[in-house]
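These protein sequence lines map, in sequence, to chains A and B.
For the first sequence, numbering that gives the first Met the number 0 begins at 0 and goes up steadily by one.
For the second sequence, numbering that gives the first Met the number 0 begins at 0 and goes up steadily by one.
Backbone N, C-alpha and C define an ideal beta-carbon position, used for all residues, glycine too.
This report refers to the structure that appears directly beneath it.
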Amino acid sequence: MENKIVLSVNGLSVAFKMYGKGFARKELRVISNLNINVRKGEIIAVAGSSGSGKSLLAHAILGILPGNAVVSGEINYCGTPLTEPRLRKLRGKEIALVPQSVEYLDPLMKVGKQVSADKAAVKAAFERYKLADSAANLFPFQLSGGMMRRVLCATAVVGNAKLIIADEPTPGMSKDLAGRAMKHFRDLADAGAAVILITHDIDLALGYADRIAVFYAGTTVETALASDFTDDSLLRHPYTKALWRAMPGNGFRPTAGTQPYAGSLPEGCLFAPRCDKKTQECTYGIIEPREVRNGEVCCRYAS
Amino acid sequence: MLTAKSTVGIVGRMLILLVLISILAFMLVVNAPIDPLTSYIGAESTLSQDARDEIAEHWGLNKSAPERYLNWAKNILSGDFGMSITYKRPVISIIRERFSASIILMALAWMLSGILGFAIGIIAGLRRGGVFDRLVKLFCLVLQSSPTFWIGLLILSVFAVSLGWFPLGMAAPMGKLAAEVTLGDRIYHLILPTVTLTIVSIGKITLYTRQKVTEIMRSDFILFARARGLSTRKLVWQHVMRNISLPAVTLQFSSFSELFGGMALAETVFSYPGIGTATTAAALGGDVPLLLGISLISALFVFSGNLIANILYGVVDPRVKGGGNYV
C-alpha cells in the first residue's frame, strides 16, 4: 500500500445548469464534496446505488461531461492538476475508460478500429483477451456478450493505461461471466495500473477490489478496506453499516427512507435524515473526511 | 443481396402499384368536368352533331368506362401508349422528350439540395442552439411551409423581373431556331428553375441531418470516443458522417415524390417545357392517354427512388446486410 497515488480527487462537485420555471436558471448539484484517491496497483471500487452519480464521477475525471456542467474541486493526476490540455494528451492513452455496454461502440464501425487505430496494438490487446484476430473485423452487433466484454477491456490495455476507469462493467452478466470480467481488472491492477471500478454490485466488488469507496447521494461517505466488510463493527460510516446489514448474507435488514435526489439534498450530512445517530451538529456545514482506522470517513461521530 | 424471391416480390409490387395508379388516374380523368371532345375541337366549333358522334365513335368515347380502360390497358401491354389529344403526337415520344428535359432539372436540384442540405445540417447540428443553427432552422421551417409556386414566383420577380439577370422562362431564348440554341442558352434558362426546386427541397434534408447529428453527438458511443481522446473533428469524420450518410442518402432517394411534385410546379411557374408543364396541359385538355402515360411514368420514377433507398440499406448497412429480408 506504499505505492504512489495516481489519481486524487478532492472536494469535487458537479452541478448542471438547468432552466427552471420561466427564465430562472438553477444549478442542479449531482456530485458534492467528493473525495477519492487511487494508488498504483490497486482497485478501488466506487459502490453505490443507481442514480447516485457514479458515472458522472468517471465523466468528470475524463473531462467529458456535457457543456452545461459546472465542475469545482481538485483532480490531480500523478501529483499535478489534471487540466484540459493535459487531459487532451492523456485521454485514451494513460487514462482509459472501459464503458459498460455495446451501446458505447459505434454500431457502424468495425470494433478493431474502435479499440485503437494502431493495428499491432489491437492485435496484442486481442491476444491478451484470447480474441481471434478476425474479431477486429466484426461489427459490434456481431459480437457475443462475452466477446464484447473482452473487446471493451481491450480498449483499456491497448495504450498501456496507468489509470483505468471501469464504469459498471458487469450489469446483466451471469455471476461466472462477471467474475471473469473482474479478474481482468485484477490482472491489470496487479500489472501496475490503478483501477477505479464503478459498480452497484458491492458483493462482487468485495472479492476483487482492495478498497471500497461508498457512494451516497453524489458523495463518498466512506473509503474502507475490502477486508473491513466482514463485520459492521469494522465499518465506519452509519450508511456503510446500514448497507452492510442490508446485504442478503448479513441479515437483509433495510433502512427506512430513500437516498435524496439531486435538487433536494439536505444541508450538512447527506445521510443525516436517515441516521439514528444524528445530532444538531450533522445538519449544517460540510462534513470533511477524516482518517479513521486506515480508512476515510465523512461522519462527525465515526470511530 | 437481391435474391430471386425478393426480385419477384419487387416486380409484383410494382405491377400492382401501376395497375392501381392507372385505374385511379383513369377514374379521375373520366369524372373530370372536362369533355375531351370539346377541348379537342374547341368550344366555339360549328361541327355538326353527326361529326361529333363520329369522332366520339372513333375514339371509343361512347363505350362504358371499364371497357375504355381495358382497351387502353390492352394497348399498353403491346407497347402502345396511344396518341396525345393535346399535342397530336404519340404519348411515348412526348414523354421521352419532356422527361429528359425534366430529369436534368430534377437531378441538378436533387444533388444540390442533397449536398448543401447535408453540409448545412451537419454544421447546424454540431452548433445546436447557436446563431447559425437558429437561422438555419428558421429558414428551413419557412421554406417547408411555403408553397413551391410562391417561392418560384418570388424568385422570378426578383431575379428575372426586377434585376433582369435571368430569362423569364422557357428552356431556350424565344424566337431562336431550335438548331441555333446553344448549351449556354440551355444552362442559362435552367438556373432559376433549378434554384427554386433546390430551395424547395433543401429544408427536409437539412432539418433531418441537423436532428440526426444532434442525436448522434449525444449518444454513448460519441462519449466513449471522446474518452478515447478523439478530437471533435475526428469525431465528425469517423463517427458522425458514418452514421448519418446512409439515412440522409436514403431520405434523398425516398423524397422523389416531393421532388416530382415540386418540379411540376416550378416548371409551370417558369414555363419550362418539361413533364410538369405537359401534365398541366394534359389535365386541362382532358388528354386521357397522355395523362395516364405520365401517371405511369411518374409512379415508376417514385417507386424506383424508394426501391433504391431500400436496397442501399441492405447493401451498405452491416446490420441489415446479414438479414437479407429488407425489400
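Residues of the region 132–152 of chain A with a Cβ closer than 7 Å to any Cβ of chain B, in chain order: F138 and F140. Counting along the chain, K92 (chain A) sits inside no beta strand (DSSP E), nor does DSSP assign it H or E at all. Here the region 39–48 of chain A lies against the region 181–191 of chain A, with 3 or more beta-carbon pairs under 8 Å apart. Segment contact: the region 149–157 of chain A against the region 117–137 of chain A, three or more CB-CB distances shorter than 8 Å; contact assigned. Straight through space, the alpha carbons of A281 (chain B) and P146 (chain B) are spaced by roughly 22 Å. The C-beta of N309 (chain B) comes no closer than 7 Å to any C-beta of chain A. In the DSSP assignment, L162 (chain A) falls within the unbroken beta strand (DSSP E) covering L162 to D166. Residues of chain A with a Cβ closer than 8 Å to the Cβ of N242 (chain B) are, in chain order, D105, P106 and L107. Under the Cβ distance rule, G91 (chain A) counts among the residues neighbouring chain B, one pair being separated by less than 7 Å.
Taking 7 Å as the CB threshold, I63 (chain A) lines the interface with chain B. As computed with DSSP, Y215 (chain A) is found in a beta bridge with A:T218. In the three-state reduction of the DSSP assignment, F15 (chain A) falls in the strand class, which pools E and B. Counting only Cβ-Cβ distances below 9 Å, P98 (chain A) has contacts in chain B at D219, F220, L222, F223 and A226, in chain order. Boundaries of the beta strand (DSSP E) harbouring T198 (chain A): A193 to T198, taken from the DSSP string.
For L142 (chain A), same chain residues with a beta-carbon under 8 Å away, outside a window of 5 residues either side, are V101, V110, A134 and V150 in chain order. Taking every protein chain shown into account, the CB of K73 (chain B) has fewer than 16 other CB atoms within 10 angstroms, so this residue is exposed. In this structure G294 (chain A) is buried. Its beta-carbon is surrounded by 16 or more other beta-carbon atoms within 10 angstroms. For E290 (chain A), no alpha helix (DSSP H) encloses it; the enclosing beta strand (DSSP E) starts and ends at R289 to V291. At a C-beta separation below 8 Å, H238 (chain B) has these neighbours in chain A: D105 and M108. At a cut-off of 7 Å between C-beta atoms, E102 (chain A) counts as an interface residue with respect to chain B.
In the DSSP annotation of this structure, S253 (chain B) is not part of any beta strand (DSSP E); the continuous alpha helix (DSSP H) holding it starts and ends at M240 to S253. Between C274 (chain A) and I286 (chain A), the gap from beta carbon to beta carbon reaches 7 Å or more.
Residue pairing by DSSP places A46 (chain A) opposite A:T198 and A:V213 in a beta bridge.
Nearest to Y128 (chain A) by alpha-carbon distance, out of A:R28, A:M146 and A:N136, is A:M146.
The Cβ neighbour count for W109 (chain B), taken over all protein chains shown within 10 Å, is at least 16; the residue is labelled buried. Unbroken alpha helix (DSSP H) runs of no fewer than 4 residues, entirely contained in the region 126–175 of chain A, are found at 144–156, following chain order. Within the region 176–244 of chain B, there are no complete beta strand (DSSP E) runs of at least 3 residues. Within the model, the alpha-carbon separation for N32 (chain A) versus T218 (chain A) is close to 6 Å. L162 (chain B) is classed as exposed because its beta carbon has fewer than 16 other beta carbons within 10 Å across all chains shown. Beta-bridge analysis with DSSP links L291 (chain B) to no other residue.
Listed along chain A, no residue sits closer than 8 Å to R133 (chain B) by beta-carbon distance, the nearest being about 17 Å off.
Within the same chain, Cβ atoms closer than 8 Å to the Cβ of L269 (chain A) are found at S31, Y215, A216, G217, T218, V220 and P259, the five residues on either side in sequence being excluded.
Put simply, the CB of P32 (chain B) is far from chain A, with every gap to its CB atoms at 7 Å or more. The DSSP assignment places complete beta strand (DSSP E) segments of no fewer than 3 residues inside the region 228–299 of chain A at 289–291 and 294–296, in order along the chain. Rounded to whole angstroms, the gap between the alpha carbons of L233 (chain A) and L176 (chain A) is 30 Å. CA-CA distance, Q143 (chain B) to N75 (chain A), rounds to 52 Å.
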